[in-house]
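Trainee: Going by my numbering, the first residue of the sequence shown is number 2, and it counts up by one from there.
C-beta atoms are modelled at their ideal positions from N, C-alpha and C, and glycine is treated no differently.
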Amino acid sequence: MTTPSAVPDVLAPRLDVVFCGINPGRVSAAANAHFANPRNDFWRLLHAAGFTPRQLEPDEQFGLPGFGIGVTNAAYRTTPGSGDLRRADFAGSAERLERLADELHPRFIGFVGKEAYRGAFGERPDLGLQERRLGRTQLFVLPSTSPANAAVPYDERLRWFRELAALSRASGS
Numbered sequence: 002m003t004t005p006s007a008v009p010d011v012l013a014p015r016l017d018v019v020f021c022g023i024n025p026g027r028v029s030a031a032a033n034a035h036f037a038n039p040r041n042d043f044w045r046l047l048h049a050a051g052f053t054p055r056q057l058e059p060d061e062q063f064g065l066p067g068f069g070i071g072v073t074n075a076a077y078r079t080t081p082g083s084g085d086l087r088r089a090d091f092a093g094s095a096e097r098l099e100r101l102a103d104e105l106h107p108r109f110i111g112f113v114g115k116e117a118y119r120g121a122f123g124e125r126p127d128l129g130l131q132e133r134r135l136g137r138t139q140l141f142v143l144p145s146t147s148p149a150n151a152a153v154p155y156d157e158r159l160r161w162f163r164e165l166a167a168l169s170r171a172s173g174s
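1) When the Cα atoms are used, what is the spatial distance from Ala13 to Pro66?
2) What first and last residue would you give for the beta strand (DSSP E) that runs through Leu143?
3) Check whether the Cβ atoms of Val19 and Pro107 lie closer than 7 Å to each other.
4) Are the region 139-153 and the region 41-56 touching by the rule of at least three beta carbon pairs closer than 8 Å?
5) To which residues of the same chain is Pro25 closer than 7 Å at the C-beta, ignoring the five residues directly before and after it?
6) Mind checking Ala76: buried by the 16 CB within 10 Å criterion, or exposed?
7) Does the structure place the region 55-65 close enough to the region 154-172 that three or more beta carbon pairs sit under 8 Å?
8) For Leu128, which residues from the same chain have a beta carbon less than 8 Å from its beta carbon, with the 5 sequence-adjacent residues on both sides left out?
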């Protein structure tokens with residue numbers, strides 16, 4: 002049985018992109034908001050890539066569907082870091098994402114980090130567009146925006162966010 006997340010999903014039908022993080026960290030759980038650690042680049046990247054007209058704050062997450070965006074996590078358990086997750090934390094994750102794709106029909110699910118994708122599907126992805134689809138929903142893997150992912154420079158992360166934004170716009174026309 003899946004324990005509900007300390008951070009609520011933000012979803013709606015027919016979104017352009019549902020971003021899927023790996024799991025809530027302690028700061029996000031305490032704030033009850035996705036990517037709430039001030040050192041996490043998610044909200045900056047979202048704006049810089051053109052998904053939002055201004056940089057939103059984590060507590061504005063429920064406004065994301067108005068921009069065609071949703072947010073969920075591959076695992077719901079709060080941990081100090083993603084390295085504290087166990088395989089069991091991802092049980093049912095692939096099926097939940099398949100249901101989400103089937104019922105809500107987002108054009109893309111953008112995994113925020115390779116480990117979010119790997120946790121859900123049990124395979125190591127490359128960054129970018131994936132061959133696997135969930136129905137008509139395309140899957141895209143972005144670099145992690147976590148401060149723990151300092152090895153990937155901001156400009157490289159932004160390049161991948163911009164690529165997803167361009168694909169999303171192209172598929173919507």
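Mentor: From the atom records:
1) When rounded, the distance between both Cα atoms is 6 Å.
2) Per DSSP, Leu143 belongs to the beta strand (DSSP E) from 138-143.
3) Contact annotation: Val19 and Pro107 have beta-carbon atoms nearer than 7 Å.
4) They touch, by the three-pair rule.
5) Once the five neighbours on either side are set aside, the close Cβ partners of Pro25 are Ser6, Ala7, Val8, Asn74, Thr79.
6) Classification for Ala76: buried.
7) By the Cβ criterion, the region 154-172 is not in contact with the region 55-65, since fewer than three pairs of Cβ atoms, one from each stretch, lie closer than 8 Å.
8) Lys115, Val142, Leu143, Pro144, Trp161, listed in sequence order.
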